[in-house]
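Just so it is clear: in the sequence shown, position 153 is 153 by my numbering, and no numbers are missing. Glycine residues also receive a C-beta, built at the ideal position from the N, C-alpha and C atoms. Read the structure below first, then the notes.
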Amino acid sequence: MRALVVSDLHFGAWTGDDLLAHPLARQRLAPHLEGLDELVLLGDVFDLLFARTPRAFTRADAFFGLVAEKLAGRRIVWLAGNHDHHFVVRPLEQMVEAGLAGEPSPPAAFIERFLRHRLPGVECSIAYPTHRVGDVLLCHGHYLDAHVKGSLANRLLTRGLWSIAGGRPQGGLEIADYEASMIPLTELLYTVAQLPHGTNAQEGLLDQVRHLGRIFDALAAPGKEARRVFERIAARVRGDRGRPRAPEAQPVSTDIARAVGPDEPVERSLHAYGAVVRSLGWDGEADQFVFSHTHQPLDGVTIPGMGARFWNTGCWIYEPTLASEQTFERYGRIAWPGTAVLVDTEEPAPRLLRLLEDLNPGPAGYDEARRLGGMRAPGALGAD
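As C-alpha cells, then:
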C-alpha cells in the first residue's frame, strides 16, 4: 500500500496564497500522484473560515481535475480539519432535523457527494477524525490546540466546559471533549465568512484593530502597553502582514483558528499533539503518527518519554509572517510550504517529501524579500 498524505491546501483563504491553485505547484505535485494506491487529504483542503464556500471550491477546481486524472481507478480519503470542519458538523445537524421531521435518513454528506461528482472513476471515502495506513495513524491534529496553554480551545476545555460539566472527566479526555472545545470558534468563523460581505468584515476587523493601536500609541506608557495588546490581536487575525514590527516584539499565532503559528517553535505543537495521543490512548494503538494543522513539516521526530515517532505533512499555503525579522526567517526555515508525507507499508517508516524546497529563498532571499515587503511568493509561485 502506497499512500500520499497532503494537507492544509486552504483553497480560497484571504490569509495567504493557496499554492495548488497555481500551475507550478500542481506540476510539482503531479508526479507524486502516480503509482499510488491512495491519496489522503488530511484536512483544511477548503478554507471555510476565511473564504466564502463558492470561492474556495472555484480555487480548488484545477487541483481536483489533476486528482481525477492521476487517481483514476484508485482511492481518495478525505478527512476534515478545523477550517473545513463544517462538513462534519452539518451532517449531524441534518440527522437531527430529519429525525424531528419524521423523515428518512438524510442524503449522503455534501462533501461525499461532491467528491463522487468531481472525481468519477475514483473511489472516494470519508473518514474522521482518524485514518490508518498500515500501522500508521493519521489525524489532522487540530485537537492539539486544546493543549496549548492560553489558546481559546485550551480555556474552553480546561475551564469553561469542565466547570459547566461539574469538573474534570474522571475517565480521561474523549473525542467529544476535543470537539466541544473547537466547534464554537470554527462555526462562528464559518458563519461570518459565509455572509455576503463576511470576509471583508474579517479584513476590516484588522484595520479597526490597527486604528485603535494608533490611538493608544499617542497616549502615555500604559497606552503604549495597550497598543501592544492590539498589535497581538491584529497578528492573530492575519499574521500582521503589513510592515514588520520591532524585533523585540513577541511572536504570536498567525491565525485565530490555530493556537500555534507556523513561525513559532515546533516543540510547542509537537508536545501538544503528543498530549492528544496519550489522552486518547492512541499510543497504545500505534507508534507512528502523521498529523498536520500546524503547517510545520516534520520527518520522524520523537518526544522525550514517548516511544512514538511523528511526521507532519506541512502545508500548501504561503503565509509568511512579518512580526519581526526573526519570525520571517524562522518561517522560511521551519514552515516552508509544498510538502507531503509518503506512507508505504513496504517501507519501515513514512517519508517527508519537500516538493518546493528549491524555491525557498534562504537567508539572502529573506533580506531581499524584506526590502520589497516580503509579501509575494518567490519566483513563479505567485503567478497563474
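Counting Cβ pairs, one atom from each stretch, are 3 or more of them under 8 angstroms apart for the region 267-275 and the region 318-334?
-> No, because fewer than three Cβ pairs between the region 267-275 and the region 318-334 fall closer than 8 angstroms, the two stretches do not touch.
Within 10 angstroms of its Cβ, does G261 collect 16 or more other Cβ (buried), or is it exposed?
-> With 16 or more other Cβ atoms within 10 Å, it is buried.
Leaving aside the five residues before and after A291 along the sequence, list all residues of the same chain whose C-beta is less than 8 angstroms from its C-beta, in chain order.
-> The sequence given here has Phe at residue 291, not Ala. Closer than 8 angstroms at the Cβ level, and outside the excluded window around F291, lie L42, L138, C139, H140, G141, L144, Y273, F310, W311, N312, T313.
If you drop the 5 nearest sequence neighbours on each side, which residues of the same chain put their C-beta closer than 6 angstroms to that of D344?
-> Taking C-beta separations shorter than 6 angstroms and ignoring five residues to either side along the sequence, the partners of D344 in its chain run R2, following chain order.
Pick from L173, N82, F328 that is closest to T294, judged by C-alpha positions | In this structure, N82 is the residue among L173, N82, F328 with its C-alpha nearest to the C-alpha of T294.
In the DSSP assignment, find the unbroken beta strand (DSSP E) run with A340 in it and report its ends.
-> Per DSSP, A340 belongs to the beta strand (DSSP E) from 339-344.
Please say whether Q288 and A349 have beta carbons closer to each other than 9 angstroms?
-> Contact flag set, yes.
In angstroms with no decimal places, state the Cα-to-Cα distance between V6 and C315.
-> Distance between the alpha carbons of V6 and C315: 7 angstroms.
Got a sec? Which residues, its chain only, sit under 7 angstroms from A13 by beta carbon, not counting five neighbours each side?
-> These residues qualify, in order along the chain: D47, F50, A51, I317.
Report buried or exposed for E38, applying the criterion of at least 16 other Cβ atoms within 10 angstroms of its Cβ.
-> Counting Cβ neighbours within 10 Å, E38 comes out buried, since at least 16 surround it.
With distances taken between CB atoms, is the gap from R59 to F11 smaller than 9 angstroms?
-> At a Cβ-Cβ threshold of 9 angstroms, R59 and F11 count as neighbours.
If you drop the 5 nearest sequence neighbours on each side, which residues of the same chain put their C-beta closer than 7 angstroms to that of R55?
-> The answer, listed in chain order, is G12.
Thinking C-alpha only, which one of V77, L20, D299 is nearest P129?
-> It is V77.
Taking the CB atoms as reference points, tell me whether G338 and L356 lie closer together than 9 angstroms.
-> The criterion of a C-beta distance shorter than 9 angstroms is satisfied by G338 and L356.
W14, DSSP secondary structure in three states = Reduced to three states, the DSSP call for W14 is coil.
Excluding five sequence neighbours on each side, which residues of the same chain lie with their C-beta closer than 7 angstroms to the C-beta of A72?
-> Excluding positions up to five away in sequence, the list reads G121, V122.
Cβ neighbours of T53 in the same chain (closer than 7 angstroms, five flanking residues each side left out) = Scanning its chain for C-beta atoms nearer than 7 angstroms, with the 5 sequence neighbours on each side dropped, one finds around T53 the residues Q194, in chain order.
Sort out for me which residues DSSP pairs H131 with in a bridge.
-> For H131, DSSP records a beta bridge to L138.
Buried or exposed for L19, please, with buried defined as at least 16 other CB atoms from any protein chain shown within 10 angstroms of its CB.
-> It is buried - the Cβ of L19 has at least 16 other Cβ atoms within 10 Å.
Taking the continuous beta strand (DSSP E) assigned at T302, which residues delimit it?
-> Segment 298-302, the beta strand (DSSP E) holding T302.
Classify E319 as buried or exposed, calling it buried when 16 or more other Cβ atoms lie within 10 Å of its own Cβ.
-> In this structure E319 is buried. Its beta-carbon is surrounded by 16 or more other beta-carbon atoms within 10 angstroms.
Residue environment, A108, which counts as buried when at least 16 other CB atoms sit within 10 Å | Under this definition A108 is an exposed residue.
Out of P304, V88, A101, S105, state which residue places its alpha-carbon closest to the alpha-carbon of A127.
-> Per the C-alpha coordinates, the member of P304, V88, A101, S105 positioned closest to A127 is V88.
Compare the C-alpha of D84 against each of D299, V67, K149, F57 and name the closest.
-> Closest option to D84, Cα to Cα, is F57.
Cα-Cα separation, V45 to L185 | Straight-line Cα distance between these residues: approximately 18 angstroms.
Tell whether a beta-carbon distance below 9 angstroms holds between L33 and L79.
-> L33 is not a Cβ neighbour of L79, given a cutoff of 9 angstroms.
How should A25 be labelled, buried or exposed, when 16 other C-beta atoms within 10 angstroms of its C-beta is the threshold for buried?
-> In summary, A25 is buried, with 16 or more beta-carbon neighbours lying within 10 Å of its beta-carbon over all protein chains present.
If we count the other Cβ atoms within 10 Å of its Cβ and call it buried at 16 or more, is P196 buried or exposed?
-> Around the beta carbon of P196, a 10 Å sphere encloses fewer than 16 other beta carbons of the protein chains shown; the residue is thus reported as exposed.
Residue of G134, E347, Y331 minimising C-alpha distance to N360 = The shortest C-alpha separation from N360 is found at Y331.
Assign L189 to one of three DSSP states: helix, strand, or coil.
-> DSSP, reduced to helix, strand and coil, places L189 within a helical segment of the structure shown.
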